[in-house]
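Peer 1: This is the structure I have questions about; it appears just below.
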Amino acid sequence: MFELSLAVLASLFSLVNPLGAVPVFLAMTPHYTKGERQQTALHTSLYFTLILLAFFFAGSLILTFFGISLNAMRIAGGLVILTSGFSLLSGKFAEGRAVDKKVKQEALTKDDISFSPLAMPLLSGPGSISYLISIQAEQESWEPKLAIAGVITIMGLIVFLILRSSPYLQKVLGVAGLQALSRIMGFLVMAIGIQNIITGVVALVKNLA
269 MFELSLAVLA SLFSLVNPLG AVPVFLAMTP HYTKGERQQT ALHTSLYFTL ILLAFFFAGS
329 LILTFFGISL NAMRIAGGLV ILTSGFSLLS GKFAEGRAVD KKVKQEALTK DDISFSPLAM
389 PLLSGPGSIS YLISIQAEQE SWEPKLAIAG VITIMGLIVF LILRSSPYLQ KVLGVAGLQA
449 LSRIMGFLVM AIGIQNIITG VVALVKNLA
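The opening residue of the sequence shown carries number 269 in the working numbering; numbering runs sequentially from there.
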């Protein structure tokens with residue numbers, strides 16, 4: 269159970285990449301006071317946690333409702349994750365999460381940006397959601413599912429702490445340092461995507477054989 273939780277946490281951290289969100293978060297909150305920025309970080313992390321928990325627990329229902337097999341979800345999710353990882357590796361974190369210039373400009377005029385675009389799609393995107401749906405469908409009992417739900421909650425806390433400390437992190441690591449970390453995360457994310465595709469294809473071939 270501990271190994272599963274640790275593996276899910278490592279994968280989620282790579283897929284979510286909260287460190288890569290730091291420059292975007294600061295760019296969207298240039299005129300915020302320290303208190304306003306911390307409140308936005310708190311609301312964002314809460315929305316992020318609720319979104320991922322909702323998709324995680326509804327995973328099997330989503331697959332059944334749309335008639336999607338687990339292997340199809342693995343392959344499709346793997347392709348999405350692979351694309352996201354390539355965006356990170358190319359230094360295009362925001363663009364890879366559908367946060368372009370228009371979205372950034374719109375965010376500057378909104379009263380609350382914690383749900384959109386911060387919690388979704390910046391942090392909880394299709395990559396992390398498809399990963400959680402797939403891993404939920406693989407679990408046969410409630411014990412590992414509850415353990416993974418705990419991991420999602422821990423990930424929400426990590427997101428809060430990183431966003432809350434974003435000015436300090438950017439000051440210490442610098443934009444170049446954060447971009448370098450994002451590129452490393454991009455490599456790991458691509459590996460996760462490829463592994464998902466391989467797992468899905470191998471299982472599909474076995475089922476057809």
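Don't be surprised by glycine CBs; every beta carbon is placed ideally from N, CA and C.
1. In whole angstroms, what separates the C-alpha of alanine 471 from that of leucine 449?
2. Between the Cα of serine 402 and the Cα atoms of Leu283, Ala415, Ser337, which residue gives the shortest distance?
3. Going by alpha carbons, who is nearest to serine 328 out of Ala387, Phe316, Glu406?
4. Please report the distance separating the alpha-carbon of valine 469 from that of glycine 335.
5. Three or more C-beta pairs closer than 8 Å, one from the region 420-435 and one from the region 291-299: is that the case here?
6. Where leucine 280 and valine 440 are concerned, what is the direct C-alpha to C-alpha distance, given to the nearest angstrom?
7. Along the chain, where does the alpha helix (DSSP H) containing glycine 335 start, and where does it finish?
8. With 16 as the cutoff for other CB atoms within 10 Å, does proline 298 come out buried or exposed?
Peer 2: Reading it off the structure:
1. 33 Å
2. Ser337
3. Glu406
4. 18 Å
5. yes
6. 24 Å
7. Here glycine 335 belongs to no alpha helix (DSSP H), and DSSP marks it neither H nor E.
8. exposed
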